[in-house]
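Chains as they are written, first to last, in our numbering: chain A, 7 to 351; chain B, 62 to 430; chain C, 3 to 542. Every residue gets a Cβ at the ideal spot worked out from N, C-alpha and C, and that includes glycine.
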Amino acid sequence: MTTPAIALKEVEVRYGDVIAARDINLAIPPGELHVLLGRSGSGKTTLLRALAGFERVYAGQIDLHGDTVDTRGRYLPPERRRVGLVFQDYALFPHLSVAGNVGFGMTSPDPAEVARWLERVGLAGYGGRPPSALSGGEQQRVALARALASSPRLMLFDEPFSNLDPALRSRLRLQTRELLRQEQITAVFVTHDAAEALTLGDRLSVMHSSRLLQSGTARQIYQTPRTREVALSVGAALFLEGSRRDANTADSPLGPLPLHPDSADRGATLMLRPEQLVPHAPNAAPSGCLGLGEARVVRSLYLGHQVSLELEIHGVTLEASVAPHEAPSSSSTHLALRGQALLMA
Amino acid sequence: MPHTRTLRASLLVAALAAFVGAACDNGGTTTTADTPRSASDKPKAGDPKAKAGDEAKPAADETLTVYSGRKENLVKPVFDMFEAETGVKVRVKYGETQPLATALIKEGERTEADVFVAQDASTLGFLVSKDQLADLPEDLRNRVVDDFRVKANGWVPITGRARVLAYNTKLKPEELPKSVDELTDPKWKGRIGWPPENASYKSFVSAMVKLRGAEKTEAWLKGVQANAPKTYPKNTPAVRAVGKGEIDVALVNHYYLYRLKAELGDDFPVKNHYFKDGSSAALVNISGAGIVKASKKQELALKFLRFLLSDKAQQHFAETNYEFPLVPGVKAKLDLPPIEEIKPPKVDLTALDDLEATEKLLRSAGVLP
Amino acid sequence: MPHHRDGYQTALSGVGALILAVAVLPLLFLGVQGATLLNTEAIEVFTRPDTGWAVLRTLSLGLGVAALCVGIALPLAWLTHSTDLPGRRFFQLGLNLPLAVPSYVSGFIVMATLGHGGWLHELLRPLGVEQMPEIRGGLGATLALLYSYPFALIGLQAALESLDPRLWEAARSLGCSPWRAWRTVVLPQLRAPLLSGGLLIALYTVGDFGAVSLLRYKSLSYIIYLRQDSLSDAYRHEAVFLALMLVVIAVGLVIGSEKAGGEVQQALSAQSHGRPWPVVRLGRWRWPAFGLCCAVFGLGVALPVGLVAWWLARGLALGHTIPLPTAATLITLLLGVVGALLIVAVAAFPALLSRFGDEAASRRVRLTSHVGYALPGIVVALALLSAVTAWAWPLYQTVQLLLIAYLIRFLPLAMHTLSESLMRQSPSLYDAARSLGCTPPRAWWRVILPNSRAALAAGWLAVFIAVIKELPITLLLGPIDFGEGILEDPPRFETLATRIWTLTADEYFSEVAPVVLLLLATATVGLLLRPDTQHRRGAP
């Protein structure tokens, strides 16, 4: 197995008496784009700052490319970690031009090299301008070029796109992703935006209350979250009481449901995603779906690309989201389950 | 504005260079070596050429260092006269008398000072008590007129300043008090001013203690205090306040009046009233000078002191500063009464214990905080 | 968390601590001296009722002057920041000038204007006013010390300079009237500079001697001078204890201002700097505002200038020859420029350390940097005299020593102004520089300092003016001649301040007039030399 680009072992970070991150174990292979997802105060930024060297671990160990950079008795300051950092507020140096910013971290600033980096982020010819004359998206790209130009072994992004408007945000996200892929550089993104977390990274880790709850691919996290917090961090979820009946089936208020193979061995909570519930005409359940019976439409909310429904079935209230053409037109509908339910510990 | 910045920077650099050059007192060898000297330059200290100079006069590079508690305008002309006459360069450190004395004591053996000039007897007495001043030859001490010779060896009086009551000329001479005791009369309420922090004022109170005893002095102080005298930090502001009519009379030294007349014009409406009653209010305070014991230029310092008591210097103090000369044969300015007429009390004010007692007294009487 | 320090931080903290140790040298000296005097009768000073009154007077003067000065500085700072005030640029600089008026001159001005027989009295006399109300005491001292308001103005101007204009624009776009936007958005951001400006003025006030002596206000510093000046040991010992009381008051003021929320708010974002502020239209307030600025400038600058000009005219009419102190002017200018550069350079280190170091270091810097400033100049001067004659004799009476002494005296002032402005910088600039390979000192040098020009300029200016006004240290510790061994005929060492002192002592009014004018001119030169960032009207 190759040496991970980042390895966190039993990491704990404190601010005075407050524990900001605890029991963090994480290994990120080289070239991976990894996302740390969590609400504010979850400890994700603390972890990022510890990786960069701005916070020290109270316990545990951080290895970068096999070098221990922080543990009790050993500490490598930020400037020697070769870590590129992109900030939420861009942190461009106001006293330097765009080119001056990009060349800042180079060992020997070379105008041609600077120009090349500006071209790669689509800002050819912007070198002479002051950072303040640039739009938010342009500043963000300068910050990216500046960090990459210092030939880091690792890139860290702290909520990099949160100050941008949505359209620009998704475009810049893709560009950044592409650029990092080309550079084959390991990157860690910190974000609180679930959509960003799911689309940006190869894998993501969910943090909550200063703990790292679960790491995995977007699909794994979305489909098989280990806890309610993880489930909710990446999207809406329905939770039902239930228990395992046998290897493939669970009992629930909706009747027996097929179980996801990655379900916990025992547990009392079943999780469904809203889009797994499919309304259909009587006796016309889509193939591969399990009919659940008749449901009353309590509320229907038209959202354009989809319709959000509140349904009551067997005394249980559920939320579902469906494509507009699938939405029931009357006050009752039949409901089917697509896929399987997940039993959580 | 890049050129403005460059200009500014070069200005600063130039100033810095000039300054660093000038500031390196001892390490300036490289700087001086690069600077071409003009032919008219005087030889410098330690320069072998200086030794071959004029043998009749003292070497031109000789210097004398004076610590002066008296202000530049009052004494510098006399120092300049000494320089012109002897070719000795007089370096002066001016300052407040008390901190200067402290500095002299702290400097100890290594002091640069050769002569200490003070505006009051008490500081000189203090320095004598700390063994800082050298004994002076009899003939120099005897140069001073009989009445003003000081018992303690170590310093000589240079000039005298009489205590007076400065009064606004709207007062008629017959309204003036015959003695300071009358100032306790309620009719003077709100009309009196004095500078109680001033050394000469303290000397005046010390003299009163000597003549009358502490109790009576305190009673007098409290009596005047009851008339709510206005206090001033120094003599001059008190005299100026008399001129402005803020107060009618002020207990001050005589010569500040002339200082203010010179400054504000002869129509300044203040006159001096001399008590001439042999009381402490007729005291003549003395400024003086002594030779610093640690000085390596005792001879030159003595020469300097002799000069201060020369007819020429005394003449200047008398003419320009309106001070009382203290050597026989030199007359005070015509506007002043002859010093014999003032009838100053015969008290020795150099004992330091007296001054401490006076300060305590002034505090208990509420004159000083 | 001792192991949370990296090697750099430890080394830097060491150097920082060393600099601070220098700054508290007089304080330490005083403390040691006090300890040896505990068994003397001077200890009685603590139980005397007059002492209590003096403390009370000192506190009320300090707080009163600080509050009034802040009240003056606040509108002036805003009006000269980015409004359509007529002559805004002129006032922006000119309103800082009263700082150059030493308190021993401003005390004189108050007396000459409002005292018995003063200008106002002469105006009122024809109306039958024989007695003027007594101006001496608390009222006069307060008025004379109001000339220190630019201490607050400098800080407020720097704070506004670095305030993100988007805050203002956002408030205005949310429907706030200019007044409401100012009150709800700008003012809260100025809370810290207001408090710290007030603190600085309070400390300056409690340590001042010139004004309280001329105006007969029996505050602690005045009594300290009296005791210090005594030939009696017991009295001089009392001065030590009184000075220590002043230190306690200073500590109280610093802690009080911290409690009141003197923490500087951080910038919201790193790039607020380059944005120009929009011009704020004053509307119908434009001319009243102009009137206010004129009035303050008139009383703060034109009045002193007018007064000494009048002295000068009177002297010339009487046929006085009035020498111009050329050497003193040059020496003053050089001392001011070099001294301020040196002090700001040294102060930058602990200031940066406290900004980017840990919490505890920051607090240590705050306390030590302020307390020393409240000590009267003569106390510091005598403490240094003792220290230098005992341990650093070769330095005694050299320009180098003078610069070191200024450093000790004014380091607090510089550090105050610097750390204030540094607090307002976004921390991510520093982090970005570190992550791009800069060691802490390199990050300071390449990123923080170039973006702290306003702070450095403000610090430099405050120190420059303080140095050119300084009196007791210059008198006692300065060399006898200037440039001895270098200049062929070294002039006697004197500054404009010592010149003013010697001339006012015996009221050589006409001769002192050009010296005061030169001091003001020198301060103006300092204002113009200030390496400032006044480029914000340039279009992005």
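Residues that residue i bridges to, as DSSP identifies them
i: B:F177; result: B:Y128, B:G351
i: B:K154; result: B:Y128
i: A:D73; result: A:L70
i: C:A523; result: BP columns for C:A523 are empty, so no partner.
i: B:K291; result: B:G254
Closest residue to residue i among the options (Cα-Cα distance)
i: C:V103; options: C:Y149, C:T82, C:R138, C:G140; result: C:Y149
i: C:L101; options: C:P325, C:Y206, C:I324; result: C:Y206
i: C:Y398; options: C:S421, C:N41, C:T476; result: C:T476
i: C:A385; options: C:A13, C:L78, C:P28, C:A161; result: C:P28
i: C:V348; options: C:A362, C:L176, C:S371, C:L301; result: C:S371
i: C:I226; options: B:P430, B:L125, B:V136, B:R131; result: B:P430
i: A:Y81; options: A:I68, A:A201, A:V304; result: A:I68
i: B:P290; options: B:K404, B:S240, B:I308; result: B:I308
i: B:Y335; options: B:L344, B:F329, B:K132; result: B:L344
i: B:Q359; options: B:A195, B:A164, B:N229; result: B:A195
i: A:A11; options: A:L70, A:K50, A:E125; result: A:L70
i: A:R126; options: A:A149, A:S114, A:L140; result: A:A149
i: B:V428; options: B:V153, B:A280, B:K212, B:F143; result: B:A280
i: C:V544; options: C:D433, C:P352, C:E509, C:S437; result: Look at the range of chain C in this structure, 3 to 542, and you will see that residue 544 of chain C is not part of it.
i: C:F211; options: C:F110, C:L39, C:A525, C:W287; result: C:F110
i: C:G258; options: C:F511, C:L305, C:A204; result: C:A204
Burial state of residue i (16 or more Cβ within 10 Å)
i: A:Y21; result: exposed
i: B:K295; result: buried
i: C:W289; result: exposed
i: C:L529; result: buried
i: C:W446; result: buried
i: A:A203; result: buried
i: C:S62; result: exposed
i: B:V74; result: In this predicted model, B:V74 has a pLDDT of only 47, less than 50, meaning its place in the structure is not dependable; the value taken from the coordinates is given anyway. With fewer than 16 Cβ atoms within 10 Å of its Cβ, B:V74 is classed as exposed.
i: B:P109; result: With a pLDDT of only 41 at B:P109, under the threshold of 50, the placement of this residue in the model should not be trusted; the figure read from the coordinates follows. Exposed, by the Cβ-count rule.
i: A:H311; result: exposed
i: C:P542; result: Caution is warranted here: a pLDDT of 27 is assigned to C:P542, below 50, making its placement in the model unreliable, and the coordinate value is therefore given only provisionally. Exposed, since its Cβ has fewer than 16 Cβ neighbours within 10 Å.
i: B:E236; result: exposed
i: C:E472; result: buried
i: C:L126; result: exposed
i: C:S179; result: exposed
i: A:R272; result: exposed
i: C:A356; result: Just to set this straight, residue 356 of chain C is Ser in the shown sequence, not Ala. It is buried - the Cβ of C:S356 has at least 16 other Cβ atoms within 10 Å.
Contact set between residue i and chain C, taken where Cβ atoms lie within less than 8 Å
i: B:T381; result: Result: empty, since nearest Cβ-Cβ is about 13 Å, beyond 8 Å.
i: B:S183; result: L233
Residue i: contacting residues in chain A (beta-carbon distance under 9 Å)
i: C:P290; result: Neighbours of C:P290 on chain A: none; closest Cβ ~34 Å, over 9 Å.
i: C:V449; result: F99, H101, L102, F110
Partners in chain A for residue i, counting only beta-carbon separations shorter than 7 Å
i: C:P452; result: H101
Neighbouring residues, chain C, relative to residue i (Cβ below 7 Å)
i: A:E85; result: R436, G439, C440, T441
i: A:L91; result: D433, A434, S437
Under 9 Å by beta carbon: chain C residues contacting residue i
i: B:R224; result: Here the premise fails: no neighbours, minimum Cβ distance about 18 Å.
Checklist entry - Just by C-beta distance, which residues in the segment 417-443 of chain C are closer than 7 Å to chain A? => result Within the segment 417-443 of chain C, S428, S430, L431, D433, A434, R436, S437, L438, G439, C440, T441 place their CB atoms closer than 7 Å to a CB of chain A, listed in sequence order.
Checklist entry - If you measure beta-carbon to beta-carbon, which residues of the segment 39-53 of chain C are closer than 9 Å to chain B? => result Cβ contacts with chain B come from D52.
Next on the checklist: Beta carbons nearer than 7 Å to chain B: which residues of the segment 201-223 of chain C have them?
Outcome noted: For the segment 201-223 of chain C, which is checked against every Cβ of chain B, the residues closer than 7 Å are S215, L216, R218, K220.
Checklist entry - the segment 128-158 of chain C: which residues have C-beta closer than 7 Å to a C-beta of chain A, in chain order? => result Going along the segment 128-158 of chain C in chain order, one finds no residue with a Cβ nearer than 7 Å to chain A.
Checklist entry - According to a CB-to-CB cut-off of less than 9 Å, which residues of the segment 466-491 of chain C neighbour chain B? => result Against chain B - using a Cβ distance shorter than 9 Å - the residues of the segment 466-491 of chain C are P474, L477, L478, L479, G480, P481, I482, D483, F484, G485, E486, G487, I488, L489, E490, D491.
Checklist entry - What residues in the segment 316-330 of chain B have a beta carbon less than 7 Å from any beta carbon of chain C? => result Within the segment 316-330 of chain B, those residues whose Cβ lies closer than 7 Å to any Cβ of chain C are, in chain order, R320, L321, E324, G326.
Next on the checklist: Taking beta-carbon pairs under 7 Å, can you tell me which members of the segment 100-113 of chain C lie near chain B?
Outcome noted: Result list empty, no residue passes.
Item to check | Within 9 Å of chain B by C-beta, residues of the segment 365-392 of chain C in sequence order | outcome: Those residues of the segment 365-392 of chain C that come within reach of chain B (Cβ to Cβ, closer than 9 Å) are I380, A383, L384, L387, S388, V390, T391, A392.
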